[in-house]
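Participant:
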Amino acid sequence: MSPATSAVIRFENAAKVFPGRGRGAQVRAVDGVTLDIREGEIFGVIGQSGAGKSTLVRLINALERTTSGDVVVDGVSLASLSEARLRPVRAGIGMVFQQFNLLSSRTVAGNVAYPLEVAGWPRARREARVAELLEFVGLADKAKVYPSTLSGGQKQRVGIARALATNPRILLADEATSALDPETTRDVLDLLQRVNRELGITVVVITHEMDVVRSVCHRVAVMDRGRVVEVGESYQVFSAPRHDVTRRFVATALRDRPSPDVLARLRRRHAGHIVTVGVDEVAGSSAVLTRTLREHGVDGTVVYGGITEVAERPYGSLTVELVGDPAAVEGAVAALRRVTWVDDHGRADA
Amino acid sequence: MTTDWEFLAPLLWEAAGQTAYMVVIALLVGGFLGLALGLGLYLTRPGNLLQSKVVFAVLNIAVNVVRPVPFIIFLVALGPLTRAVIGRTIGIEAFTFAMAFMATFVFARLVEQNLVSIDPGVVEAARAMGASPLRIVRTVLVPEALAPLILGYTFLFVGVLDMSAIGGYLGAGGLGDFAIVQGYRQYDWAVTAVVVVIIVLIVQAVQWLGNTLARRALRR
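Chains as they are written, first to last, in full-length UniProt numbering: chain B, 1 to 350; chain S, 1 to 220.
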């Protein structure tokens with residue numbers, strides 16, 4: 001990845017080590033991350049829980065301070081700033097949370113007004129701004145109610161309105177949809193997309209859900225044990241996963257790839273050589289697969305798999321039983337490897 | 001035996017005034033300082049806004065040392081400090097000083113426990129919006145924990161009223177002293193009973209007020 005001049009957030013070998021309990025029990029939550037997040041994009045950070053993604057996003061608004069390395073936001077190096085001087089930086093970065101974190105002692109309008117009070121806006125401007133924001137998120141009629149009476153999706157809309165109040169250039173969404181049902185998730189993701197498109201705000205989305213990345217993120221970083229193991233265009237990363245973690249992720253999320261259990265059952269049913277072959281817009285269609293097998297004189301039967309879309313482009317995998325002369329099968333697999341990724345599960349008796 | 005209420009009524013009235021004096025001052029001072037000390041405990045706790053192992057340990061130990069001491073012993077133990085601050089170790093001012101002191105430490109723990117129950121995520125959200133620790137105390141911690149704080153303060157009232165009962169020990173007077181001197185020592189059970197009823201009624205009224213205010217503070 002070239003160091004884009006338009007990077008609005010730049011991690012420079014950033015690390016965060018927590019002391020942990022007991023001697024030598026340090027936890028390297030973020031372990032030497034170098035990463036650029038570009039102005040105006042929706043950037044996803046995906047990883048299992050404990051991968052360090054929540055800590056990573058908290059380095060951006062310095063809720064957590066780097067132990068070493070630096071994070072540069074809008075040209076400002078955060079590592080060098082004191083706690084008091086970080087406050088205005090934080091005020092310029094909106095954040096939404098998995099559990100919404102609304103003040104239960106304030107009404108919806110009071111919650112949205114909170115960051116404006118912190119920023120010292122006069123009352124009249126505050127009220128106008130709150131009305132405008134509640135309009136934007138479609139909750140104008142809920143201004144005077146308390147958060148406890150709202151549904152999860154409505155609470156998150158309030159959270160987003162609050163995060164946008166002071167016109168930030170960056171919005172951080174930490175598992176913003178993880179506490180929501182699929183339909184509400186869709187609504188909130190649409191809202192995040194509107195925030196990005198209509199207001200031009202850079203959005204950083206932290207998630208463990210493949211679906212979130214698939215539907216809204218332009219680019220994505222995959223995290224594992226504090227490190228970014230893969231980064232790039234969402235489609236690229238998911239259609240050609242280079243790292244095991246990424247693959248596992250994609251597999252559990254899409255279920256187009258056979259689990260060990262499924263594979264064992266497939267083996268019992270099919271005596272031939274079993275391979276899983278990636279399908280994307282290049283290696284694409286099963287036509288490539290069919291042609292390659294025919295050229296090598298190998299018979300192929302699709303026994304498992306699925307093809308779906310990522311970023312509106314075809315994506316998935318097919319698991320195929322190959323029957324034929326062993327040398328021919330090997331040749332076919334080698335040929336497939338030149339156009340796409342192949343997981344070779346071998347033969348039952350091998 | 002008949003009770004001479006004409007003789008006792010002014011004394012009872014005076015005793016009630018003394019109890020009111022002790023309780024109100026101890027509640028005001030103990031409430032204010034206890035809130036400050038409780039916030040100090042909460043904020044300096046490891047992982048919180050102003051975390052400091054040393055300050056937290058000092059405050060925590062102080063609270064743990066003071067709180068379990070039986071009040072009647074605490075009164076005596078505090079003697080030197082009472083003399084230094086009030087000028088004497090007996091009388092209503094000296095007794096009220098000891099009450100306010102104990103009330104501070106009792107309330108500090110109640111405040112801390114109520115603050116601990118606040119969702120840390122809400123505090124984090126306020127930090128993310130650039131709020132300073134002082135603003136977070138004022139606009140997040142206290143408002144979010146207001147209902148339990150009111151109930152804790154009501155609880156403190158009962159505790160302070162309880163302390164005031166042994167006011168006679170230092171010559172501070174009060175309802176407790178009246179019940180003992182005019183009731184118990186005169187073998188006049190009716191006097192003791194009247195004082196008990198008065199105290200029960202006061203506690204009931206204050207508890208009702210506390211519950212009502214707490215409910216209103218909840219609004220959720």
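A virtual CB, placed ideally from N, CA and C, is assigned to each residue, including glycine.
Where does Ser49/B land, buried or exposed, given buried means 16+ other C-beta within 10 angstroms?
Facilitator: Ser49/B comes out exposed.
Participant: Arg126/B and Glu117/B - do their beta-carbons sit closer together than 9 Å?
Facilitator: Result yes, Cβ atoms of Glu117/B and Arg126/B sit closer than 9 Å.
Participant: Taking the alpha-carbon of Arg267/B as reference, which of Val145/B, Val220/B and His345/B has the nearest alpha-carbon?
Facilitator: Nearest option by C-alpha distance: His345/B.
Participant: Hey, how far is the Cα of Ala4/B from the Cα of Arg38/B?
Facilitator: Because Ala4/B carries a pLDDT of 45, less than 50, the predicted location of this residue cannot be relied on, and the following value inherits that uncertainty. One C-alpha to the other measures close to 7 Å.
Participant: Can you give me the Cβ contacts of Asp70/B inside the same chain, cut-off strictly under 6 Å, excluding the 5 residues immediately before and after it?
Facilitator: Excluding residues within five positions, the ones whose Cβ falls inside 6 Å are Glu12, Ser77 and Ala79.
Participant: Kindly say whether Pro115/B, judged by its beta-carbon, lies nearer than 9 Å to any beta-carbon of chain S.
Facilitator: Judged by the 9 Å Cβ criterion, Pro115/B is in contact with chain S.
Participant: Using beta carbons (cut-off 9 Å, strictly below), is Ser117/S in contact with chain B?
Facilitator: Not closer than 9 Å to any Cβ of chain B, the Cβ of Ser117/S fails to qualify, so no.
Participant: Any C-beta of chain S sitting closer than 9 Å to the C-beta of Val112/B?
Facilitator: No, its Cβ sits nowhere closer than 9 Å to a Cβ of chain S.
Participant: Could you tell me whether the segment 54-70 of chain S touches the segment 149-163 of chain S, where touching means 3 or more Cβ pairs closer than 8 Å?
Facilitator: No: the two stretches stay apart, fewer than three of their Cβ pairs being nearer than 8 Å.
Participant: At the level of alpha carbons, what is the spacing between Tyr184/S and Val191/S?
Facilitator: Using only the alpha carbons, I get a separation of about 8 Å.
Participant: Give the single residue among Gly30/S, Leu59/S, Gly31/S and Val29/S whose Cα lies nearest to the Cα of Tyr42/S.
Facilitator: The shortest C-alpha separation from Tyr42/S is found at Leu59/S.
Participant: Can you confirm whether residue 366/B, when its beta carbon is compared against all beta carbons of chain S, has any partner nearer than 9 Å?
Facilitator: Past the boundaries of the shown model lies residue 366/B; chain B is included only from 1 to 350, so the question cannot be answered.
Participant: Which residues in the same chain have their Cβ closer than 7 Å to the Cβ of Ala350/B, if we skip the five residues on either side of it in sequence?
Facilitator: Bear in mind that a pLDDT of 48 at Ala350/B, under 50, signals an unreliable position, so the number given afterwards is only what the model happens to contain. Hits under 7 Å: none found.
Participant: Secondary structure at Asp190/B, three-state DSSP: helix, strand or coil?
Facilitator: Of the three classes helix, strand and coil, the one that applies to Asp190/B here is helix, per DSSP.
Participant: Nearest by alpha-carbon distance to Val17/B: which of Ile9/B, Asp174/B and Arg28/B is it?
Facilitator: Answer by Cα proximity: Arg28/B.
Participant: Taking any Cβ of chain B, which residues in the segment 116-139 of chain S have a Cβ under 8 Å from it, in chain order?
Facilitator: Within the segment 116-139 of chain S, the residues whose Cβ lies closer than 8 Å to some Cβ of chain B are Asp119, Gly121, Val122, Glu124, Ala125, Ala126, Arg127, Ala128, Met129, Gly130, Ala131, Ser132, Arg135 and Thr139, listed in chain order.
Participant: Excluding the 5 residues flanking Ala93/S on each side, which residues of the same chain have their C-beta closer than 7 Å to its C-beta?
Facilitator: The sequence given here has Glu at residue 93/S, not Ala. Closer than 7 Å at the Cβ level, and outside the excluded window around Glu93/S, lie Ile86.
Participant: If the cut is a Cβ gap below 8 Å, which residues of chain S does Ser6/B touch?
Facilitator: Here the premise fails: no neighbours, minimum Cβ distance about 24 Å.
Participant: Using alpha carbons as the reference points, say which of Pro314/B, Phe249/B, Val339/B and Arg347/B lies closest to Pro326/B.
Facilitator: Selected option, being the one with the closest Cα: Arg347/B.
Participant: If the criterion is Cβ atoms closer than 9 Å, does the pair Leu322/B and Asp299/B meet it?
Facilitator: Going by C-beta atoms, Leu322/B is nearer than 9 Å to Asp299/B.
Participant: With DSSP collapsed to three states, give me the class of Ala335/B.
Facilitator: Ala335/B: helix per DSSP, three-state reduction.
Participant: Go ahead and pull the three-state DSSP assignment for Thr2/S.
Facilitator: Three-state DSSP puts Thr2/S in coil, outside helix and strand.
Participant: Does chain B have any CB closer than 9 Å to the CB of Arg219/S?
Facilitator: It does: the Cβ of Arg219/S has a partner Cβ on chain B nearer than 9 Å.
Participant: List, in chain order, every chain B residue whose beta-carbon is nearer than 7 Å to that of Glu144/S.
Facilitator: Near Glu144/S (Cβ distances below 7 Å), the residues of chain B are Leu103, Ser104 and Ser105.
Participant: Going by DSSP, name the residue or residues bridged to Leu134/B.
Facilitator: DSSP output for Leu134/B lists no bridge partner at all.
Participant: Does the segment 163-177 of chain S come close enough to the segment 115-124 of chain S that 3 or more CB-CB pairs lie under 8 Å?
Facilitator: No, they do not touch.
Participant: Per DSSP, which residues does Lys16/B bridge with? Please list them.
Facilitator: Per DSSP, Val30/B.
Participant: Mind checking whether Gln156/B and Ala143/B have CB atoms under 9 Å apart?
Facilitator: Going by C-beta atoms, Gln156/B is not nearer than 9 Å to Ala143/B.
Participant: Tell me whether the beta-carbon of Thr202/B lies closer than 9 Å to the beta-carbon of Gly75/B.
Facilitator: For Thr202/B and Gly75/B, no; Cβs fall outside 9 Å.
Participant: Would you say Ala89/B reaches chain S, if we count a Cβ-Cβ gap shorter than 9 Å as a contact?
Facilitator: Checking the sequence shown, residue 89/B turns out to be Val, not Ala. Cβ-Cβ to chain S under 9 Å: yes for Val89/B.
Participant: Roughly how many whole angstroms lie between the Cα atoms of Gln26/B and Ala173/B?
Facilitator: In a straight line, the C-alpha of Gln26/B is about 27 Å away from that of Ala173/B.
Participant: For chain S, find out if any of its Cβ atoms is closer than 9 Å to the Cβ of Ala350/B; answer yes or no.
Facilitator: Interpretation of Ala350/B is limited by its pLDDT of 48, a score under 50 that renders its predicted location unreliable; the figure taken from the coordinates is listed afterwards. Not closer than 9 Å to any Cβ of chain S, the Cβ of Ala350/B fails to qualify, so no.
Participant: Below 9 Å on C-beta distance, what does Val118/B contact in chain S?
Facilitator: Within chain S, the residues near Val118/B are Ala126, Met129, Gly130, Ala131, Ser132, Arg135 and Thr139.
Participant: Where does Ala311/B sit, in a helix, a strand or coil, going by DSSP?
Facilitator: Three-state result, Ala311/B: coil.
Participant: Does the CB of Leu139/B have a neighbour CB from chain S at under 9 Å?
Facilitator: Answer no: the Cβ-Cβ gap between Leu139/B and chain S never drops below 9 Å.
Participant: Is the beta carbon of Asn61/B sitting closer than 9 Å to the one on Ala128/S?
Facilitator: Yes, Cβ-Cβ distance for Asn61/B and Ala128/S is below 9 Å.
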